[in-house]
Amino acid sequence: MPRPTFCLLLVTLLAPLLVHGGTDDARWPAWRGPDGTGVVTGGNPPLHWSETENIKWKTDLPGEGQSTPIIWGDKIFLQTAESLGEPTGDEKLSIYRFSVLCLDRSTGEKRWQTTLCEARPHEGHHKSTTVAPFSPVTDGKGLWVSLGSLGLYQLSTEGEILWEAKTIEMDKVGPFGEGSSPILVGDAVIVLADHEGPSKLFAFHKDTGKPLWVVDRDTESSWGTPVAVQVGDKTEIITTAPGTVRSYDARTGKLIWSCGGLTSCAAPSPVVANGLVYATTGYKGEALMAIELGHTGDLTGTGALRWAVDSTGSEVSTPLVYQDRIFVFKSISANLSCFNATTGEVYYERNRIPEMKQVYASPIAVGEHIYINGREGTTVVIKSADVLDIVATNHLDEILDASPVVIGDELYLRGRNRMYCIADVGTNN
19 MPRPTFCLLL
29 VTLLAPLLVH
39 GGTDDARWPA
49 WRGPDGTGVV
59 TGGNPPLHWS
69 ETENIKWKTD
79 LPGEGQSTPI
89 IWGDKIFLQT
99 AESLGEPTGD
109 EKLSIYRFSV
119 LCLDRSTGEK
129 RWQTTLCEAR
139 PHEGHHKSTT
149 VAPFSPVTDG
159 KGLWVSLGSL
169 GLYQLSTEGE
179 ILWEAKTIEM
189 DKVGPFGEGS
199 SPILVGDAVI
209 VLADHEGPSK
219 LFAFHKDTGK
229 PLWVVDRDTE
239 SSWGTPVAVQ
249 VGDKTEIITT
259 APGTVRSYDA
269 RTGKLIWSCG
279 GLTSCAAPSP
289 VVANGLVYAT
299 TGYKGEALMA
309 IELGHTGDLT
319 GTGALRWAVD
329 STGSEVSTPL
339 VYQDRIFVFK
349 SISANLSCFN
359 ATTGEVYYER
369 NRIPEMKQVY
379 ASPIAVGEHI
389 YINGREGTTV
399 VIKSADVLDI
409 VATNHLDEIL
419 DASPVVIGDE
429 LYLRGRNRMY
439 CIADVGTNN
């Protein structure tokens, strides 16, 4: 979540978990879901809703934020930042109270709120974003939360702070702010810190916060959240940056491969599917590329680059790969393209979605449908098909920068000021 930072950020590849409606298997542990792709296994949420239709509950949220909610069992976790007053004198930014909020999944009522710190951010952010763009990650036992330059935290699922670890103070390009979220990989919490100074990739032990390894990265500012994938006997951590996709050994941090071809301002996260890594950028130049896993070294210009296009590319939203199609927006506009995910064949390109102007959130797939949040409070449901087939257009009185979440037959939408649970309940009084 930034124009780089507005990228609502957090991808993790945990073991695939079924997503149905019961408490025991109600799991959306990271912002792109149980397997890090935005694809829902099972579930049948409503196609139609409004402020007065199919709202099971809605809850006012304190402060500001664009954190996609994560869910484990009967708990919803999200991050917020509350301004403690207007800046005074020569100060340009307010002091904020940075918190983690836990809501009851059945009722939307607040179960607890834990303050991580009260601090004045050392630099600003884009006017369309907030100082709380990060999303947490959980394994059901712990909760890991990044505040970027302000540190990494582990909490219990009851809100107790267990440890805090320092990273680096970042100098992001322009007014874009921060945004990359942590991921869990085995016993490690991985944090990406790319900026205009010496960039780093960190691995901390998830139970103690002790550093496992730190890797220097020769790159400028980026905002995408890494993704992890098992390749042979290794777990690889895939990252994007201006110009380049890189893969690291999750155990040691050693660079495994790199591939050039991206443009500047790497904010969307990479996606892994079909034995390929999909990466895109869409600011000051566009790129969309598919890289075959299982290789080492510099893959630029080799056969490992299965296909690439420069006619479209996303600036913020992470693409969706589903049913051998890849869906990607052009820049931040609501112009959607669909390609064959294996070959790069164009099914449709830059088709405008009516009643939607800008897209920061990342789409998700449920059954035959794809749910897309727009910044104006519009969520459009389309069919997963080779043509743009709009099934429903829904409106809420909110800015929807966070990505949709589905548990069973319920859809969860986090707006700038409210959290919604959408279910088939008919007209609301």
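Offset between the sequence shown (1-based) and our numbering: plus 18. Here a beta-carbon is modelled for each residue, glycine too, at the ideal position from N, C-alpha and C. Quick caveat: nothing in here was measured; it's all calculated off a predicted structure.
Going by other Cβ atoms of all chains shown within 10 Å of its Cβ, with 16 needed for buried, is residue i buried or exposed?
{"i": "T125", "result": "exposed"}
{"i": "L102", "result": "exposed"}
{"i": "T185", "result": "buried"}
{"i": "Q172", "result": "buried"}
{"i": "D342", "result": "exposed"}
{"i": "S470", "result": "Only positions 19 to 447 of the chain appear in the structure, and residue 470 is not among them; the question remains open."}
{"i": "D234", "result": "exposed"}
{"i": "G18", "result": "Nothing can be reported for residue 18, as the shown portion of the chain is limited to 19 through 447."}
{"i": "G197", "result": "buried"}
{"i": "R370", "result": "exposed"}
{"i": "P200", "result": "buried"}
{"i": "T270", "result": "exposed"}
{"i": "P422", "result": "buried"}
{"i": "D251", "result": "exposed"}
{"i": "E100", "result": "buried"}
{"i": "G107", "result": "exposed"}
{"i": "P229", "result": "exposed"}
What does a CB cutoff of less than 7 angstroms around residue i pick up in its chain, not counting 5 residues either side in sequence?
{"i": "L111", "result": "P105, R138, P139, G142"}
{"i": "R368", "result": "T330, K348, N353, S355"}
{"i": "D415", "result": "E69, G395"}
What does the alpha-carbon distance come out to for the pair residue i and residue j?
{"i": "H413", "j": "D407", "result": "18 angstroms"}
{"i": "L28", "j": "G303", "result": "Reliability of the predicted coordinates at L28 is poor, the pLDDT of 33 falling under 50, and no value is obtained from them."}
{"i": "A420", "j": "N72", "result": "20 angstroms"}
{"i": "F95", "j": "T70", "result": "25 angstroms"}
{"i": "V346", "j": "E238", "result": "24 angstroms"}
{"i": "T132", "j": "L280", "result": "39 angstroms"}
{"i": "D267", "j": "A206", "result": "12 angstroms"}
{"i": "T55", "j": "T318", "result": "25 angstroms"}
{"i": "E176", "j": "L79", "result": "19 angstroms"}
{"i": "R123", "j": "P288", "result": "29 angstroms"}
{"i": "D328", "j": "V443", "result": "44 angstroms"}
{"i": "L429", "j": "S68", "result": "13 angstroms"}
{"i": "I400", "j": "E333", "result": "21 angstroms"}
{"i": "W231", "j": "T445", "result": "54 angstroms"}
{"i": "E178", "j": "E127", "result": "19 angstroms"}
{"i": "R324", "j": "H66", "result": "38 angstroms"}
{"i": "V12", "j": "V405", "result": "The structure shown does not extend to residue 12, since the chain is modelled only from 19 to 447, so the question has no answer here."}
{"i": "T59", "j": "I388", "result": "13 angstroms"}
{"i": "G321", "j": "L273", "result": "19 angstroms"}
{"i": "Y114", "j": "P52", "result": "31 angstroms"}
{"i": "R50", "j": "F220", "result": "21 angstroms"}
{"i": "P154", "j": "N358", "result": "32 angstroms"}
{"i": "T243", "j": "K76", "result": "28 angstroms"}
{"i": "I208", "j": "S402", "result": "32 angstroms"}
{"i": "D225", "j": "G169", "result": "16 angstroms"}
{"i": "S265", "j": "S217", "result": "15 angstroms"}
{"i": "Y366", "j": "I344", "result": "11 angstroms"}
{"i": "N212", "j": "T336", "result": "Here residue 212 turns out to be Asp, not Asn, going by the sequence shown. Distance between the alpha carbons of D212 and T336 is about 18 angstroms."}
Going by the beta-carbon positions, is the gap between residue i and residue j smaller than 7 angstroms?
{"i": "T156", "j": "L210", "result": "no"}
{"i": "I417", "j": "R434", "result": "yes"}
{"i": "V424", "j": "G195", "result": "no"}
{"i": "R432", "j": "P87", "result": "yes"}
{"i": "V263", "j": "A297", "result": "yes"}
{"i": "Y301", "j": "V57", "result": "no"}
{"i": "L338", "j": "P372", "result": "no"}
{"i": "L306", "j": "G278", "result": "no"}
{"i": "F116", "j": "L165", "result": "yes"}
{"i": "V191", "j": "T253", "result": "no"}
{"i": "P260", "j": "S276", "result": "no"}
Using a Cβ-Cβ cutoff of less than 8 angstroms, which residues in the same chain neighbour residue i once the five nearest sequence positions on both sides are dropped?
{"i": "Q376", "result": "I350, S351, A352, G392, R393, E394"}
{"i": "G158", "result": "R45, P47, W90, G91, T175"}
{"i": "G215", "result": "I186, M188, D189"}
{"i": "G40", "result": "Residue placement at G40 cannot be trusted, given a pLDDT of 43 that sits under 50; what the coordinates show is reported in the next sentence. Counting only Cβ-Cβ distances below 8 angstroms, and skipping sequence neighbours, we find G426."}
{"i": "V290", "result": "L31, G54, T55, V245, V247, I256, Y296, L311"}
{"i": "G293", "result": "E310, L311, G312"}
{"i": "E136", "result": "L102, I113, Y114, R115, F116"}
Going along the chain, which residues of its own chain have a beta-carbon closer than 6 angstroms to the beta-carbon of residue i, five neighbours each way excluded?
{"i": "G227", "result": "W181, A183"}
{"i": "S167", "result": "E187, M188"}
{"i": "L119", "result": "L96, T98, Q131"}
{"i": "I390", "result": "P381, V398"}
{"i": "T411", "result": "E373, V398"}
{"i": "K74", "result": "C439, A441, V443"}
{"i": "G160", "result": "Q172"}
{"i": "K93", "result": "C120"}
Any 3 or more C-beta pairs closer than 8 angstroms across the stretch 83–90 and the stretch 144–163: yes
Contact between the stretch 309–320 and the stretch 362–379 (3+ Cβ pairs under 8 angstroms): no
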